[in-house]
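S.K.: The numbering of the sequence shown is the numbering used here, which starts it at 1114 and goes up by one.
Note that CB positions come from ideal geometry on N, CA and C, so glycine has one too.
Okay, here's the structure, questions in a sec.
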Amino acid sequence: MRAGGEKHLHNLRTRNDLFLVRNLDHELGHAWIPPRETGNPRNMNQDKHLQFWFLIERSAVSILSRLYRFPAIRQEARLMVKARNHVSGIRIASVWRLAVIAVFLTQGAASSLLAQGSENYIVLFRQGTNLPGRGIVVQNAGAALRFNYNGVEAAAIRVTNANALAALQKNPSVLAVIPDRPVSAYQHANGKGGGKPGNGGSPQVLPAGVARVGSPTSSSNGEGVGVAVVDTGVDLAHPDLAGTDNSFSAFGASCQDDNSHGTHVAGIVAAQDNDGDVVGVAPKARIYCVKVLDNTGSGSDATVMAGLDWVLSNHNLVAPPIRVVNMSLGREGSVDDNPALHDLIVQLETAGIVVVVAAGNDPGMETSQQIPAGYSEVIAVASTTAVAGSNQCRFLASPISADTASYFTTDGTGVAVSAPGEDSENVSKGCLIKSNGILSTRLGGGTTRMSGTSMASPHVAGIVARHFQNVPWHSVLDIRQLLESEADRAGAAPLPSPAASYTFDGEREGVAQAP
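Okay, here's the thing in structure tokens:
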């Protein structure tokens, strides 16, 4: 090795690690604070060789982010993270392995789908095609009917052979056949733990997020307002969620939660003000459990539409009536990729129901690229920190403040307001950010912590319930204007994240505040 070669290799390794450490650790639930320039050659843009491998590694992470649900990809990602302190050649080999795995997985998934001859779709029918007529069209084509929606002229189906799909596409009653796209909960990978087991038995805690948006009072607590939590279900036996209505399940059984995400979300909205666990933003609001995600936190457009269809059909048939919908879920997409889903949202707005949704947990994406957050009719909520965190990183001058944009949040044009999606962000000596999640109700009793825009959205849903309690005749537009005009630190918050790789839209929408 030439003189100085070892030092050069160290610098190559350090600089080449910048992107991988930040992005792969983000995939595994962390963020990374990059070192400030100190005169050392650490600027990747000054080294063409490093730029080349930077692009290769960016491609690897792009593949990873889309195929992370496959076990082989997760294992390779962990190997890549472990290799960050080794020479670049090891990581280059890992990049190639990742690419090969991705090719085989995608080819295998396609082959498996063809072998099974089964796929889920949503059929959009022409105006005037009634429910029985849709069922007949689907049956005659040889497909299986999954959901036949009341509120929109559409049906969800399972196609068992190519002939059935072709028959549907040729039917004069059918406008289009579109994919039934997967949807998932917007909980960040990090932030769990730190709660307590059991059903109560400990003094009630006022969570930091609830305190930040405004603690409930005897005259402002959501009483008389129904909130539909469209999620993984709710723990119907949790003492803090007693009285939750077992309303609807897209999976044909009880609305009982079997994941914990929905239980946590419901607690942020309306955990009761009693002697134990936590209190929600609107503790007197009535929770209606609408289960559209399974025990893995996964569902699809079809299951979400089924839940929203139930709300649309029943919002005035229950007491108290449903005035608010919370959806801490979503997917990548465009606002025109499922007209039937969008139409259901529009009809809910027309019915005077405020739909509050999580903006998403990808700082590299715009809100317009997330569904349902991209719809103009919803209240899209980004995530901030509720309180200041701790800091041991020498490259960071001070701890991450309260009201800082969470390192994982989607933000930008289309976000109506921000709210706490985590208590704080704590920075380690290694300059990794660890999210300290929002404390709320846990499946099986007690409390737990979770982070994500999934946790930001229900804070706002609770605020909306309190607005409706005060003035029941508010329109959806009235509520939007109140949220935006009464937001705290509008024009200043969210504060920039030291780890975020995106640019704010400059609106600084502020942090939502309860009346």
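So what does DSSP say about I1186, is it helix, strand or coil?
M.R.: Reliability of the predicted coordinates at I1186 is poor, the pLDDT of 47 falling under 50, and the value obtained from them is presented with this limitation in mind. If DSSP states are grouped into helix, strand and coil, I1186 belongs with the helices.
S.K.: How about V1382 and P1571: do their beta carbons lie closer than 8 Å?
M.R.: yes
S.K.: Would you tell me roughly how many angstroms separate the C-alpha atoms of E1597 and Q1626, rounded to the nearest one?
M.R.: 9 Å
S.K.: Determine the DSSP secondary structure at L1244, reduced to helix, strand or coil.
M.R.: L1244: helix per DSSP, three-state reduction.
S.K.: So, at 7 Å on beta carbons, what are the nonlocal neighbours of A1472 in its own chain, with the 5 sequence-adjacent residues on each side left out?
M.R.: T1480, Q1483, A1486, A1493, V1494, A1495, T1522, T1523, D1524, V1528 and T1566
S.K.: I'd like the list of long-range same chain contacts for T1242, defined as Cβ closer than 8 Å, with 5 residues on each side in sequence excluded.
M.R.: V1250, E1266 and S1286
S.K.: Please look up how many angstroms separate the CB atoms of V1326 and I1576, rounded, as I've assumed it's under 8 Å.
M.R.: Sure, about 6 Å apart at Cβ, within 8 Å.
S.K.: Going by CA-CA distance only, name the one from G1502, L1552 and D1456 that's closest to E1538.
M.R.: G1502
S.K.: Expressed to the nearest angstrom, what Euclidean distance is found between the alpha-carbon atoms of S1411 and P1295?
M.R.: 7 Å
S.K.: For D1422, I'd like the list of residues in its chain whose CB is within less than 8 Å of its CB, leaving aside the five on either flank, ordered along the chain.
M.R.: F1260, Y1262, N1263, G1264, V1265 and L1457
S.K.: Quick one: grab the DSSP three-state call for E1538.
M.R.: strand
S.K.: Please classify S1332 as buried or exposed, where buried requires at least 16 neighbouring CB atoms within 10 angstroms.
M.R.: exposed
S.K.: Could you spell out where the alpha helix (DSSP H) holding A1268 opens and where it closes?
M.R.: Where A1268 is concerned, there is no enclosing alpha helix (DSSP H), although the beta strand (DSSP E) it sits in stretches over A1267 to V1272.
S.K.: Can you tell me whether N1276 is helix, strand or coil according to DSSP?
M.R.: N1276: helix per DSSP, three-state reduction.
S.K.: May I ask you to report which of helix, strand or coil DSSP gives R1555?
M.R.: Here R1555 sits in coil by DSSP.
S.K.: Assuming F1508 is part of the beta strand (DSSP E), what are its boundary residues?
M.R.: The continuous stretches of beta strand (DSSP E) do not include F1508, and DSSP gives it neither H nor E.
S.K.: Look up E1622 in the DSSP assignment and say whether it is helix, strand or coil.
M.R.: coil
S.K.: K1283 bridges to which residues according to DSSP?
M.R.: None; K1283 has no bridge partner.
S.K.: V1394 to N1439, Cα distance in whole Å?
M.R.: 13 Å
S.K.: Can you tell me which residues form a DSSP beta bridge with N1233?
M.R.: R1271
S.K.: Given V1624, which residues of its chain have a CB within under 8 Å of its CB, disregarding the five upstream and five downstream residues?
M.R.: R1325, V1326, T1497, D1516, V1530, S1531, A1532, P1533, A1600, D1601, R1602, A1606 and P1607
S.K.: Quick check: the segment 1344-1355 against the segment 1265-1279, are there 3 or more CB pairs under 8 Å?
M.R.: no
S.K.: Do the CB positions of K1397 and E1462 come within less than 8 Å of each other?
M.R.: Contact flag unset, no.
S.K.: If you draw a straight line from the C-alpha of K1283 to the C-alpha of S1373, how long is it?
M.R.: 43 Å
S.K.: Using the Cα positions of A1432 and G1339, report the straight-line distance between them to the nearest angstrom.
M.R.: 8 Å
S.K.: Counting only runs that start and end within the segment 1403-1470, where is the alpha helix (DSSP H) found for 4 or more residues in a row?
M.R.: The segment 1403-1470 contains these whole alpha helix (DSSP H) runs: 1414-1427 and 1452-1463.
S.K.: Please state the DSSP three-state secondary structure of G1375.
M.R.: helix
S.K.: Answer yes or no: does any C-beta atom of chain D fall closer than 8 Å to that of V1296?
M.R.: You won't find chain D in this structure, because it holds only one protein chain.
S.K.: In this structure, what does DSSP give as the bridge partners for P1329?
M.R.: Per DSSP, none; premise fails for P1329.
S.K.: Using DSSP's beta-bridge definition, name the partner residues of V1342.
M.R.: C1402 and N1439
S.K.: Following the continuous beta strand (DSSP E) through P1295, name the residue where it begins and the one where it ends.
M.R.: For P1295, the enclosing beta strand (DSSP E) has its first and last residue at P1295 to A1298.
S.K.: Using a threshold of 8 Å, state whether the C-beta atoms of R1271 and A1254 are closer than that.
M.R.: No, these two residues do not count as a Cβ contact at 8 Å.
S.K.: Since A1642 and V1391 should fall inside the 8 Å C-beta cutoff, what is the C-beta to C-beta distance between them, to a whole number of angstroms?
M.R.: Residue 1642 cannot be examined here, being either before or after the span of the chain that is shown, 1114 to 1628.
S.K.: Compute the beta-carbon to beta-carbon distance between L1635 and Q1460, rounded to the nearest angstrom, for a pair I have assumed lies under 8 Å.
M.R.: Nothing about residue 1635 can be reported from this structure: the residues present for the chain run from 1114 to 1628 only.
S.K.: In angstroms, rounded to a whole number, what distance separates the CA positions of R1399 and D1293?
M.R.: Spanning the two alpha carbons is a distance of roughly 31 Å.
S.K.: Starting from N1334, follow its DSSP beta bridges and name the residues at the other end.
M.R.: Answer by DSSP bridge pairing: none, since N1334 is not bridged.
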